[in-house]
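Taking it in order: structure first as structure tokens, then the write-up.
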Ligand SMILES: [Zn+2]
Ligand SMILES: [Zn+2]
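Numbering (our numbering), first residue to last: 18 to 255.
Here it is as structure tokens:
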């Protein structure tokens, strides 16, 4: 009761405003109905790695990469494609510390997980940043996305379970072989044995190599099922 009252006062003082066009927000979101409807939803997508697929592909299809070599994670859920306005929202979260965008993106991801009737894991682990990058940025965007999800679904987060002990160059701009080499051995497992079902949280899955490498490490730590929850998936790259 008190909570609702406070929430209503807060709404009058700080109404939800669309992060993209400045119109009035809708459904408790910093996004209006029109901008939400225009988001680049990721379907059809590969059933396993969420790679965007052409419209002609039937539902439940698996991409050529996954058919050739199954990823180390079980399934990647990514509701949106990495195109406008996702590129804008994600980069202003990362590089201009717009943490409100993190809450918005996390909410969109959470709504999708509910819609997909996604099985909840025992633990969520955000993709860690290397200590030097964390110092420079001041926060880990994957952890910012993970926190509201943990609260919404009542899940524990462990952001110490895995560390990134080697700084890696950005995956973009490298060819496939260089990308795999760049990320290999970048993560190290810390702490205790992991529970059976673990989810990796990332902002954008670009090549799939980062989450693949992390899934390998998590399996080594005892996880039997590893899923990935990401806000967006980049097209045409694996
Ligand atoms: Zn709008
Ligand atoms: Zn795939």
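Just so you know, even glycine gets a beta-carbon here, dropped at the ideal spot from N, CA and C. Computed from a predicted structure; not experimentally measured.
Residue i to residue j span [Cα, whole Å]
i           : j           : result
residue 250 : residue 220 : 9 angstroms
residue 206 : residue 193 : 25 angstroms
residue 69  : residue 182 : 31 angstroms
residue 62  : residue 121 : 22 angstroms
residue 45  : residue 195 : 43 angstroms
residue 32  : residue 138 : 34 angstroms
residue 56  : residue 235 : 32 angstroms
residue 154 : residue 112 : 7 angstroms
Closest Cα partner of residue i within the set the options
i           : options            : result
residue 225 : 76, 95, 139, 53    : 95
residue 197 : 178, 230, 174, 172 : 230
residue 200 : 170, 67, 163, 223  : 223
residue 240 : 252, 228, 215      : 215
residue 52  : 114, 125, 141, 211 : 125
residue 110 : 81, 56, 162        : 162
residue 97  : 178, 59, 233, 107  : 59
residue 128 : 71, 113, 166       : 166
residue 136 : 123, 171, 151      : 171
Heavy atom of ligand 2 within 8 angstroms of residue i beta-carbon
i           : result
residue 96  : no
residue 35  : no
residue 65  : yes
residue 138 : no
residue 52  : no
residue 79  : yes
residue 75  : no
Beta carbon of residue i nearer than 9 angstroms to that of residue j
i           : j           : result
residue 117 : residue 147 : no
residue 204 : residue 180 : yes
residue 66  : residue 48  : no
residue 173 : residue 159 : no
residue 100 : residue 252 : yes
Cβ-heavy atom distance, residue i to ligand 1, below 8 angstroms
i           : result
residue 135 : no
residue 117 : no
residue 39  : yes
residue 48  : yes
Residue i, enclosing beta strand (DSSP E) - first and last residue
i           : result
residue 70  : That residue, residue 70, is in no beta strand (DSSP E); it is neither H nor E in DSSP.
residue 141 : 140 to 143
N- and C-terminal bounds of the alpha helix (DSSP H) containing residue i
i           : result
residue 234 : 226 to 237
residue 182 : Segment: none, residue 182 is in no alpha helix (DSSP H) and carries neither H nor E.
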